[in-house]
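Q: Below is one structure. I have some questions about it.
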Amino acid sequence: LQLKLQQAQKMEAIGSLAGGIAHDFNNILFPIVGFAEMLTEDLPPGSPERANAQEILCAGKRAVDIVKQILAFSRQQDNMLIPTKVEQVIKEVIKLSRATIPMNIEILNDLQQDCADVMANSTQLHQIGMNLIINAYHAVEEKGGQIMVQVREVVLGSVETAEMTIQPGRYVRLSVADNGVGIPSENLKRIFDPYFTTKMTGKGTGLGLAVVYGIVREHRGDIRVDSKIGKGTTFEIYFPLIERKQVSSTSAVQCRDWSET
Ligand code: ADP
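So for the sequence shown, the UniProt record's numbering puts the first residue at 612; every next one is plus one.
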C-alpha cells in the first residue's frame, strides 16, 4: 500500500508539472507542423529542400505524439466516466492494432460479449488497450509471436501481493498477454514510472505504462503484472463493476471466470 501511495503522489506531482509544459508545447508545435506541411507541399518533389522540410515535419509529428501522451498522463483532458462496455472498446482497439501490427504477429482475442458495464471513459480505455498491445508487439517483434487479448467478467476473492491489494468483488478484467522477451525482475517495479524505458530513442517514451497506471487509478481499477524472462508477460487490468457486490472470500487468492459460475 505504501508503494502504491508513493507511486500515486509521484504521478500527481509529475502529472501537473508535465501537463503545464505539454500544453504550452502543443501551442508551439501547432505552427511548426502546419508550416512544415505547407513548405513540403510547395517544394518540388524529389528536391533536397523538400526532403529537408519533410524531416522537420516528421520530427514535429513525433513531438506532437509525445506531447499527446504527456497530456493524457497529466489528465488535462475530458475524463468523464460513463457506463461503458469494455469489450466493445477493446474490439475496436484490436481492429486498429491488427491494421498496424505486421501480419507475422498473431493477435488472438477472447472477448466475453455480455460483460456488465463499468464506469469508464472510452477514449482512455482505448489508450490503455493500445499502449498494452503496442508494448506486447514490441516484446514479440524480434522473434515473432502471439498477443492474446481477453476481456472477462470475474469475481475476485481477496488478492494480496507484494505490490497491491485488490478488494474482493466483481470486475471486468482486461488482460493482454504476450510470449515475448519478458521483464527482468529489477525492472518490474519501475515500469510504471514516467520516462522509464528500455527502448531505443524514437521507439519508446517511457510514458505508456505511466499513462495506463494513471487512467486505471482514475477508474478505481487495479493492475497486475506477471512476467517471466524469455517466456512472456501478462498485464491484467481490473475495472470494478458499477454495482459492487461483496463476495465471500474463502481462500487467500481467488480469481475465477464469472462466466463459469
Ligand atoms: P515505452 O513502451 O515507451 O518504453 P512504457 O511505459 O509503455 O514505455 O513501458 C516501459 C518499459 O516496460 C518498456 O520500455 C519495457 O522495458 C517494459 N515493458 C512494458 N511492457 C512490456 C511487455 N509486454 N514485455 C516486455 N517488456 C515490457
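The beta-carbon is built from N, C-alpha and C at its ideal position, and this holds for glycine as well.
Less than 8 Å between the beta carbons of residue 739 and residue 853, yes or no?
A: No, Cβ-Cβ distance for residue 739 and residue 853 is not below 8 Å.
Q: Alpha carbon to alpha carbon, how far is residue 630 from residue 737?
A: Their Cα atoms are separated by approximately 20 Å.
Q: Just the Cα atoms here: how many angstroms apart are residue 781 and residue 673?
A: Whole-angstrom Cα-Cα distance: 40 Å.
Q: If distances are taken between C-alpha atoms only, which option among 751, 806, 789 and 776 comes closest to residue 834?
A: It is 776.
Q: With 16 other CB atoms within 10 Å as the buried threshold, where does residue 680 fall?
A: Flag for residue 680 reads buried.
Q: Shortest alpha-carbon distance to residue 841 belongs to which of 756, 810 and 787?
A: Of the candidates 756, 810 and 787, the one whose C-alpha sits nearest the C-alpha of residue 841 is 756.
Q: Once DSSP output is grouped into helix, strand and coil, what is the label at residue 649?
A: Correct three-state label for residue 649: helix.
Q: When the Cα atoms are used, what is the spatial distance from residue 696 to residue 787?
A: Looking at the two C-alpha atoms, the distance is approximately 17 Å.
Q: Taking DSSP's pairing of strands, which residues face residue 850 in a bridge?
A: DSSP lists 783 as partners of residue 850.
Q: Per DSSP, which one or two residues make a beta bridge with residue 789?
A: The partner list for residue 789 (beta bridge, DSSP) reads 758 and 844.
Q: Going straight from the alpha carbon of residue 659 to that of residue 644, what length do you get?
A: So the alpha carbons of these two residues sit roughly 19 Å apart.
Q: What would DSSP say about residue 708, mapped onto helix, strand or coil?
A: Residue 708 falls in the helix class under three-state DSSP.
Q: What three-state label does DSSP hand residue 659 in the structure shown?
A: The answer is helix: DSSP assigns residue 659 an H, G or I state.
Q: Does the Cβ of residue 792 lie closer than 7 Å to at least one heavy atom of ligand 2?
A: Ligand 2 is absent from the structure shown, which contains only ligand 1.
Q: Is the region 747–762 close to the region 796–804, with three or more CB pairs under 8 Å?
A: The region 747–762, when compared against the region 796–804, does not touch it at the 8 Å Cβ threshold.
Q: Would you call the CB atoms of residue 851 and residue 675 closer than 8 Å?
A: Cβ atoms of residue 851 and residue 675: not closer than 8 Å.
Q: At the level of alpha carbons, what is the spacing between residue 640 and residue 761?
A: C-alpha separation (whole angstroms): 37 Å.
Q: Roughly how many whole angstroms lie between the Cα atoms of residue 665 and residue 734?
A: When rounded, the distance between both Cα atoms is 30 Å.
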